[in-house]
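Residue numbers (our numbering): 3 to 347.
The beta-carbon is built from N, C-alpha and C at its ideal position, and this holds for glycine as well.
Take a look at the structure below.
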Ligand SMILES: Cc1ncc(COP(=O)(O)O)c(C=O)c1O
């Protein structure tokens with residue numbers, strides 16, 4: 003347990019706190035096991051998902067320091083869209099350097115919504131060009147605004163942003179303490195930039211839960227790896243002044259569900275997406291949550307009686323209409339060029 007717990011209230015309220023927990027018996031593949039869902043998809047005032055709590059920290063910093071935001075991600079990044087949406091609501095100019103991603107209807111819609119909300123979209127045709135372009139854009143924004151932009155890494159996974167995921171772990175502690183959830187043996191979630199897993203790791207341990215994290219890798223190993231998650235978790239402990247034991251077998255990284263790469267749907271993922279929709283009414287997407295659900299269902303089938311698993315529903319499930327109100331009818335050509343050939347489903 004931490005020696006001293008600093009105030010971990012959200013510095014601004016975007017509606018991230020207090021998401022529901024529900025059991026999903028018809029989705030659970032093993033008769034004696036129990037599968038619960040933590041509905042982060044319902045977080046947020048208009049746009050949900052696992053980025054909302056991170057943005058409650060990141061956008062507070064940008065607002066308080068009067069700085070624009072510069073972030074990066076794939077052209078259909080949920081993180082970029084969430085940052086652009088909540089940034090606009092707070093009067094913060096959000097710019098993004100955007101890289102390529104395979105085209106799906108969901109990706110295209112997300113990209114279109116972002117295009118209408120971003121103060122600036124700066125495409126790069128290949129991922130390795132992204133850091134250099136971000137440096138150029140940061141320089142340009144400082145010239146325009148007279149102040150350096152707040153640089154927000156992919157997925158919002160700076161130590162500051164991950165404080166939001168620590169709060170999620172602490173909230174799960176309260177869900178258990180107050181009887182909404184039996185203590186889970188495992189918590190399943192997709193791992194992209196790794197910040198959600200890192201924050202949860204710290205928050206769960208600080209809450210006194212022994213739940214093991216099972217992260218499902220959905221991005222290249224360069225971004226999405228155990229060492230990165232561990233470094234972020236240790237950075238969080240230092241930032242918070244908490245002394246926690248983070249054992250190396252606390253975090254399992256399942257690397258078997260990436261398929262052809264980031265954003266490429268997999269057959270198992272699409273089957274899991276359909277099963278989650280039909281049995282629990284969830285709306286998952288192919289890049290992150292479908293692959294994590296496929297791993298969760300595979301691990302759980304044949305699980306022993308009494309096993310309790312928790313799945314973190316990380317993708318927004320609220321209607322996108324308010325975010326699409328300012329979207330161009332078709333994606334501007336420089337952004338369209340970032341979409342790979344359409345994926346055949
Ligand atoms: C729907 C969804 N799930 C999971 C993740 C991964 O979270 P993290 O980047 O914190 O690992 C993302 C990140 O972009 C996401 O959009």
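Item	Value
Beta-carbon proximity check, residue 18 vs residue 65, cutoff 8 Å	no
Distance cut-off 7 Å: residue 2 Cβ against heavy atoms of ligand 1	Nothing can be reported for residue 2, as the shown portion of the chain is limited to 3 through 347.
Residue range of the unbroken beta strand (DSSP E) whose run includes residue 124	122-125
Identity of the residue in 89, 117, 308 nearest residue 333 by Cα	117
Nearest-angstrom Cβ-Cβ length linking residue 264 and residue 222, presumed shorter than 8 Å	6 Å
Helix, strand or coil at residue 17 according to DSSP, with G and I counted as helix	coil
Anticipated Cβ contact below 8 Å, residue 121 with residue 101, distance rounded	Between residue 101 and residue 121 the Cβ distance is about 19 Å, and since that is not below 8 Å, they are no contact.
Status (buried if at least 16 other CB within 10 Å, exposed otherwise) for residue 59	buried
C-alpha distance - residue 136 paired with residue 241, whole-angstrom precision	26 Å
Residue 171: CB within 7 Å of a non-hydrogen atom of ligand 1	no
Residue 317 beta carbon near ligand 1 (any heavy atom closer than 7 Å)	yes
Any non-hydrogen atom of ligand 1 within 7 Å of residue 77 CB	no
From 167, 331, 306, residue whose alpha carbon lies closest to that of residue 316	167
Own chain residues within Cβ distance below 7 Å of residue 6, not counting five before or after	Interpretation of residue 6 is limited by its pLDDT of 46, a score under 50 that renders its predicted location unreliable; the figure taken from the coordinates is listed afterwards. So the qualifying residues of the chain are 243.
Rounded separation between residue 248 and residue 257 - CA only	21 Å
Nearest candidate by alpha-carbon position, reference residue 323, set 138, 92, 112	112
C-beta contact flag for residue 126 and residue 119 at 8 Å	no
Selection from 177, 246, 81, 293 that minimises the alpha carbon distance to residue 197	81
Residue 226 to residue 209 span [Cα, whole Å]	25 Å
Residues sharing a beta bridge with residue 188, DSSP	214, 311
Straight-line gap, residue 327 to residue 114 (C-alpha atoms, nearest Å)	10 Å
Own chain partners of residue 309 with C-beta closer than 6 Å, once the 5 adjacent residues on each side are dropped	35, 187
Residue 149 burial status per 10 Å Cβ neighbour count (16 or more: buried)	exposed
Residues that DSSP places opposite residue 40 in a beta bridge	23, 314
Where residue 250 falls, given that 16 or more other Cβ within 10 Å makes a residue buried	exposed
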